[in-house]
Structure formats: C-alpha cells, structure tokens
Amino acid sequence: MLIKKPSDIRSSEITPESVYRRRRELLKAMLAGGALMAAGPARALERYELPDEAKRYPGPEWLQEKLRAASKGEVIEGEDLTPYRHVTGHNNFYEFGLAKEDPKAKAQGLKTDPWKVEVSGECSKPGSYNLEDLLKPHELEERIYRLRCVEAWSMVIPWVGVPLNKLISRLEPTGNAKFVEFTTLHDPSQMPGQKSFFSTLNWPYSEGLRMDEAMHPLTLMAVGVYGDALPPQNGAPFRLVVPWKYGFKSIKSIVSIRFTEQMPRATWNETAPSEYGFYANVNPQVDHPRWSQATERRLPSSLFNPNQIDTRMFNGYADQVAHLYQGMDLRKWY
Ligand SMILES: Nc1nc2c(c(=O)[nH]1)N[C@H]1C(S)=C(S)[C@@H](COP(=O)(O)O)O[C@H]1N2
Ligand SMILES: [Mo]
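Numbering (this note's numbering), first residue to last: 90 to 423.
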C-alpha cells in the first residue's frame, strides 16, 4: 500500500483545485477587453479548473450551450471545493451498487438524453415534458453548497441548475398541493442495483419535500457540476439538491414530479423509519442510531488529514431555513 506524507497530500490533492483557473472564463475575460487585472473579474477567474476533457461527461449539446451561459456562484468563505474526482468518484447511488466506487464504474452507460419528466398531481400544467423543454425558459445558475451525508462525511460542491421554485411556479400547483414527490428512473436493464438479489430498497427511489421547502430559494434542481454536465454517477441528467438536509433527500436521475396533498413516501424513511425521518434536516444534536451527527469528515480526508469538523445546525444554512421549522420539535421530526 502506498502511504503518502502529509505534505504530499496537501500539495497534490488540496491546492490545485483551490487555486483554480477556468479556461473559458479566462478566454471570455480576454475577449471582453483586458479587464483581466481588475479586482472584480480577477476573483471570478480564480474559481476552478475544469476537469480534464477526457474525464468529463459530455452531456447533450443543448445542455452544453446552457451551461456556458450559466451565472457564477458565490464561493463559500473559508471552504475549499471538494476536488472533482472526489465529487464524481465517491458517490451514493444504490441503483448502481452499494460501494462508493460503484456508481462511477457502472453508471457511464446510462442514457440521459432525451430524458422525460412526468409532471402530475395537484397542478394545472401536468404532462410528460422533455427535460430540454422543461428547462428551456430558465437560465442556469451555479450554486456552491455543502453536501452532508447522514453517514457523517461531507463535501463542498459547485452545482449548476435551476432553482426549483422557478420550475414549480411554471407548473402552477393548485391550493391542494402541500408536498412535492420526486421519483428516480426505474430501469433494471440500465441500473444493475435494481435487479440485485441483495437489493434492500423498494424501487424506484423516491423522495419528497413540503411545499415551502420545495419553494425555498436554496432548493436547486441540478443539471451540472463544476461548470459542466452532471455525470451519471451524480444523478444525471436532473437531480434535486437540498443543502440543509442529509444527502439522501437529494434524489438523483428524476423522471417524475408529483404534487400531493398528503406527505409522499420517501425511500429511506420507508425502509427504516426509526433511522431516517421524512424531514432529515442536518442536526448535530440528534444522532443517528449508528452514527453520531455531531461531527463530519470533510472529503478528501485521509489517515494523516482526517479533516474532522463540527457539523452545523441545518448544515450551516440555519439563517436561511430555521424559520421553516419554527415550533416543530426537531427530535420528533428528525
Ligand atoms: N436515486 C438515488 N438518489 C440518491 C441516492 C441513491 O442511492 N439513489 N443516494 C443519496 C445519498 S445517500 C447521497 S449522500 C447523495 C449523494 O450525492 P452525490 O453522489 O452526487 O454526492 O445522493 C442521494 N440521492
Ligand atoms: Mo447519504
């Protein structure tokens, strides 16, 4: 086994992606006319380097075009981005296996374009939408968010997507819509985990949000990461990102959005209700039976650099979201 010195780990794994340069940004700025040295643009330039062409997931042309026009997200002060290869190489996507390396190894053949999204339930614009059409009127935005898995590891990820509230407004939910349910593709021919004999989940994977959570400006429908198309292992072509909740709420490869009056089923909640609640808000004071939630391992971490940090209430987004849960007992509604 290869053991690296801590000094090597620092320079080779952490620095390059925190001293990032984005080729497209650089070109754009140069074309815009030599604003390169000005204070404003310089900050935008020092974002990140796009991953190697060869390692990137191409995505369809229509998406590439939208991604090029996406606005840039705000960096989180004092927090480095988790390198691309960890974001796209350490995944939970049980449709492709239980190990963290499985999704990257087994999801590459997933057919992500064209992609249909069925909209149904309590809304006046139900129907079967092509993802391209569903996104057409919207500009993409980059959002740099912390992602906290209930298994007590975390990352900082630059997603690109459309705020869910913008999509929902267009679909015109009725007054009866109290929740939104999301469902992942069910296709055992493409998703080996769905036909596995040892499979423990009740497919398809589904999740839900209360309407006010779905309409919260932080809630994002992601189609990209690191300025580029979302690779299959991260839930291409269309996945939810709810940064103040445990990662399992952020359901991947979504084919259905349904507005409901009743609280919808949610896969992990249904599988082990005493371990995973419907709300699943990140909360350092309420432990999971098998994991303390007080701290987390910020990836990349290693023996020499465990990178263990304190978990924050609502994953550090309390100022923005705590009001949604005023008066609720968060020990009961975990
Ligand atoms: N359909 C589906 N969505 C899913 C999962 C899954 O197994 N299937 N895993 C969840 C969990 S537990 C986490 S932590 C995040 C991980 O997202 P990432 O791999 O993009 O980091 O996806 C969530 N969405
Ligand atoms: Mo997770």
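Heads up, the beta-carbon is just placed ideally off N, CA and C, and yes, glycines get one too.
Model, not experiment: these values are computed from the prediction.
Selection Leu170, Leu253, Pro281 and Ser342 evaluated against glutamate 138 yields Leu170 as nearest (Cα-Cα). Looking at the DSSP output, tryptophan 242 bridges to Arg386. Contact between tryptophan 380 and alanine 241 holds, with the beta-carbon distance rounding to 5 angstroms and staying under 8 angstroms. Assignment of isoleucine 257 by DSSP, reduced to helix, strand and coil, places it in the helix class. Relative to the non-hydrogen atoms of ligand 2, the Cβ of tyrosine 335 comes within a distance shorter than 7 angstroms of at least one. Restricting attention to beta strand (DSSP E) runs no shorter than 3 residues, the region 273-313 encloses them at 295-299, ordered along the chain.
Pairing arginine 347 with serine 339 gives a Cβ-Cβ distance that is not under 8 angstroms. Take the alpha-carbon of isoleucine 257 and the one of methionine 304: they are about 8 angstroms apart. Counting every other CB atom within 10 Å of its CB across the protein chains shown gives phenylalanine 271 a total of 16 or more, marking it as buried.
About 7 angstroms separates the beta carbons of proline 395 and arginine 386, which is inside the 8 angstroms limit, making them a contact pair. The residues Glu211 and Glu350, in chain order, have a CB closer than 6 angstroms to that of asparagine 265 in the same chain once the five nearest residues on each side in sequence are set aside. The straight-line gap separating the alpha-carbon atoms of glycine 416 and glutamate 154 is approximately 45 angstroms. One alpha carbon belongs to isoleucine 233, the other to histidine 175, and they sit about 15 angstroms apart. Three or more Cβ pairs closer than 8 angstroms define a contact, and the region 306-324 falls short of that threshold against the region 363-374. Under the DSSP definition of a beta bridge, glycine 216 partners with Val208. Residue burial annotation: tryptophan 422 is exposed, with fewer than 16 other C-beta atoms found within 10 angstroms of its C-beta.
For phenylalanine 185, the closest C-alpha among the options Ser288, Gly336 and Gly282 is that of Gly282. For the pair arginine 235 and leucine 290, the Cα-to-Cα distance works out to about 26 angstroms. Under the DSSP definition of a beta bridge, glutamine 397 partners with Arg386. When DSSP assignments are scanned along the region 330-359, the uninterrupted stretches of beta strand (DSSP E) that are 3 or more residues long and fall wholly within it turn out to be 343-349. Histidine 275 and tyrosine 294 have their C-alpha atoms roughly 8 angstroms apart.
With distances taken between CA atoms, proline 149 lies nearest to Asp202 out of Glu166, Ala158, Asp202 and Gln197. For tryptophan 292, same chain residues with a beta-carbon under 7 angstroms away, outside a window of 5 residues either side, are His275 and Gln283 in chain order.
Here the distance from the Cβ of asparagine 181 to the nearest heavy atom of ligand 2 is below 7 angstroms. Ranked by Cα distance from valine 330, the first of Ala311, Leu392 and Tyr414 is Ala311. For glutamate 150, the enclosing alpha helix (DSSP H) has its first and last residue at 150-157.
Pairing phenylalanine 337 with arginine 299, the inter-Cα distance amounts to about 16 angstroms. For tyrosine 414, there is no enclosing beta strand (DSSP E), as DSSP gives it neither H nor E. Excluding the 5 residues flanking it on each side, proline 378 has same chain C-beta neighbours closer than 8 angstroms at Ser363 and Glu364, in chain order. In this structure, the straight-line span from the alpha carbon of lysine 193 to that of histidine 179 is close to 8 angstroms.
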